[in-house]
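Asks: Plus 4 on top of the position in the sequence shown (first one is 1) and you've got my numbering.
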Amino acid sequence: MSSPVPAGPDVVLDRLRRVAVLVLEGAKPLDVGIPAQVFTTRPSMPYEVRVCGAAPGLVTGGDGLAYHVASGLDALAWADVVFVPGYRFPDRDAPPARVVDALVGAHERGARLAAISTGAFALAATGLLDGRRATTHWHYTRALAAKHPRIRVDENVLFVDEGSVLTSAGAASGIDLCLHVLRGDLGVAASNHAARRLVAAPYRSGGQAQYVPRSVPEPLGERFAATREWALHRLDRPLTLDVLARHAAVSPRTFSRRFAADTGCTPMQWVLRARIDLARELLERSERSVEQVADDVGLGTGANLRLHFQRVLGTTPTEYRRTFARGE
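(1) Going by DSSP, what residue range makes up the beta strand (DSSP E) through Thr171?
(2) Quick check on DSSP: helix, strand or coil for Phe313?
(3) Tell me, please, which residues DSSP counts as bridged to Thr64.
(4) Which one or two residues does DSSP pair with Tyr91 in a beta bridge?
(5) Give the single residue among Arg154, Leu117, Asp84 whose Cα lies nearest to the Cα of Arg19.
(6) What's the C-alpha gap between Gly304 and Arg310?
(7) Comparing alpha-carbon positions, which option in His141, Arg96, Ala58 lies nearest Ala106?
(8) What number of angstroms, rounded off, separates the C-alpha of Gly65 from the C-alpha of Tyr71?
(9) Taking just the CA atoms, how far does Pro153 sit from Ala264?
(10) In the segment 124-193, which residue ranges form an unbroken beta strand (DSSP E) of at least 3 residues, counting only runs that do not cross its ends?
(11) With 16 other CB atoms within 10 Å as the buried threshold, where does Ala252 fall?
(12) For Leu276 versus His312, is the C-beta spacing smaller than 8 Å?
(13) Please classify Pro94: is it buried, with 16 or more other beta-carbons within 10 angstroms of its beta-carbon, or exposed?
(14) Near Ala129, which residues of its chain fall below 7 Å by C-beta distance, leaving aside the five closest residues on each side in sequence?
(15) Straight-line CA distance for Ser260 to Pro271?
(16) With 16 as the cutoff for other CB atoms within 10 Å, does Thr244 come out buried or exposed?
(17) Count the other C-beta atoms from every protein chain shown that fall within 10 angstroms of the C-beta of His143, then say buried if there are 16 or more, exposed otherwise.
Rendered as structure tokens:
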């Protein structure tokens, strides 16, 4: 008869929890490594990990690496939690039908399915994300929404927990997702202990929007390019629809309609995002106060900057500076 498994001062388990890490073709190494390392069996971590593929043997990975996995899809029938790391070209390459079937079968058996980054595309192929919130790496959120319109894609979060299916943003957010799973399984103390071992934040504030290089949409055409460039050098001044339209030498109505067709947002939304981007740069590269930065970018007051920072990036200017300001 096996002895109970210790899992910290307040939790005792009857057996090790079972974690499968499903490595698909083109798998990203950090995405694979995070759950494999976080849940590796140790006295404080009552888990057993199996790294598996569509079949045992060599799996070609992304970024010049390959993986030799000992287990095939039978590991999904064994696991309590299945992690699906991100992989290259997810919007082009659908996972094999046998992989999709195995994921569905694991879910029907009661296993939780957790995708890291573009692994969300593999979960989306099962239909299990339909009607639910989900996220993925910010570079692929639009592609996920376009390919699977029944999913409510949230591009501003680090992870989404929908109970039996979980998704996370870019690779490092896999740590946030794993720590979240640990908190749910074993409690805050165990999660904090794992975070210290990983030298990671136990809980990061904000969402992945703060990690996107630019919040201003990339222009889809050259129309009004000169006006956009002109406005970027005058963000500290009043920039109304009338002012922008006057520079473009068209009526405000025409400017608004054509601008939205080019950028996917209204002129005033674009101006706000441009001001937030400039504020990000000043917070990263200067020692100017939040109030000074707000004035520099045309948002008037620190309170106004904080309000829009929270809405757009999901964090505060102070937290953003703490995360991204360059050291000496």
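Virtual Cβ for every residue (Gly too), placed ideally from N, Cα, C.
Replies: A quick look at the data gives this:
(1) Within the sequence shown, residue 171 is the residue found at index 167, counting from 1. From DSSP, the beta strand (DSSP E) with Thr171 extends over 169-172.
(2) Stepping through the sequence shown from its first residue, residue 313 is reached at position 309. Secondary structure of Phe313 (DSSP, three-state): helix.
(3) For this step, residue 64 is matched to residue 60 along the sequence shown. Paired residue(s): Ala70.
(4) Locating residue 91 in the sequence shown gives position 87, where the first residue counts as 1. Partner(s): Ala31.
(5) Numbered from its first residue, the sequence shown carries residue 19 at position 15. Comparing C-alpha distances from Arg19 to each of Arg154, Leu117, Asp84 shows the shortest one belongs to Asp84.
(6) By 1-based counting over the sequence shown, the position of residue 304 is 300. By 1-based counting over the sequence shown, the position of residue 310 is 306. Answer to the nearest angstrom: the Cα atoms are 11 Å apart.
(7) By one-based count along the sequence shown, residue 106 stands at place 102. Among His141, Arg96, Ala58, the Cα nearest to that of Ala106 is on Ala58.
(8) Here residue 65 refers to the residue found at position 61 when the sequence shown is read from its first residue. Here residue 71 refers to the residue found at position 67 when the sequence shown is read from its first residue. Gly65 and Tyr71: Cα-Cα distance of roughly 7 Å.
(9) By 1-based counting over the sequence shown, the position of residue 264 is 260. By 1-based counting over the sequence shown, the position of residue 153 is 149. Those two C-alpha atoms are separated by around 22 Å.
(10) Taking only runs of at least 3 residues, the beta strand (DSSP E) segments lying wholly in the segment 124-193 are 163-165, 169-172.
(11) Residue mapping note: residue 252 aligns to position 248 of the sequence shown, counting from 1. Ala252 comes out buried.
(12) Within the sequence shown, the letter at position 272 stands for residue 276. Within the sequence shown, the letter at position 308 stands for residue 312. At a Cβ-Cβ threshold of 8 Å, Leu276 and His312 count as neighbours.
(13) Start at 1 with the first residue of the sequence shown, and residue 94 comes out as number 90. That one is buried.
(14) Translated into positions along the sequence shown, residue 129 becomes position 125. Around Ala129: Ala98, Pro99, Val104.
(15) Against the sequence shown, residue 260 aligns to sequence position 256. Against the sequence shown, residue 271 aligns to sequence position 267. Each residue's alpha carbon lies about 6 Å from the other.
(16) Here the question's residue 244 lines up with position 240 in the sequence shown. Burial is judged here by how many other beta carbons sit within 10 angstroms of a residue's own beta carbon; Thr244 has fewer than 16 and is exposed.
(17) As a working mapping, residue 143 is identified with position 139 in the sequence shown. His143 should be labelled exposed.
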